[in-house]
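Residues in the sequence shown are numbered consecutively from 1336, following this note's numbering.
Just below is one structure, and these are the notes that go with it.
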Amino acid sequence: MNLSAIINDIADQADDFLDGVTTRADAKAAISEQLTIKYPTLAGPERTKVIDGVLAVLNEEGFFELGSSSDSGSGDSEAESSGS
1336 MNLSAIINDI
1346 ADQADDFLDG
1356 VTTRADAKAA
1366 ISEQLTIKYP
1376 TLAGPERTKV
1386 IDGVLAVLNE
1396 EGFFELGSSS
1406 DSGSGDSEAE
1416 SSGS
């Protein structure tokens, strides 16, 4: 199994299944759930590597810094941009 491809697959869909998630712990649980659904045979150390890899991608993309990844707004006022 190509773990890089799995990491990319899950990370590419993160905006959909992590909608409203703001913490790493919640993201980790949601990623684990996606792995169970899409890659049920992935287990043990490989599963952990994929979860860590997806979290690293999200971190690089600033997912956790934004507080919520709703808009690609650049600015510090998160209360002012209350979009959908």
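No residue lacks a Cβ here, since even glycine has one placed at the ideal position from N, Cα and C.
Residue range of the unbroken alpha helix (DSSP H) whose run includes residue i
i, result
"F1434", "Shown here, the chain extends from 1336 to 1419; a query on residue 1434 therefore has no answer."
"G1379", "1379-1395"
"E1368", "1359-1373"
Rounded straight-line distance, which links the Cα of residue j to that of residue i
i, j, result
"K1384", "F1352", "19 Å"
"L1338", "A1378", "12 Å"
"N1394", "T1358", "11 Å"
"V1356", "L1370", "17 Å"
"F1276", "M1336", "Absent from the structure is residue 1276, since the part of the chain shown begins at 1336 and ends at 1419."
Whole-number beta carbon distance between residue j and residue i, since they are thought to touch under 8 Å
i, j, result
"V1389", "I1366", "5 Å"
"I1341", "Y1374", "6 Å"
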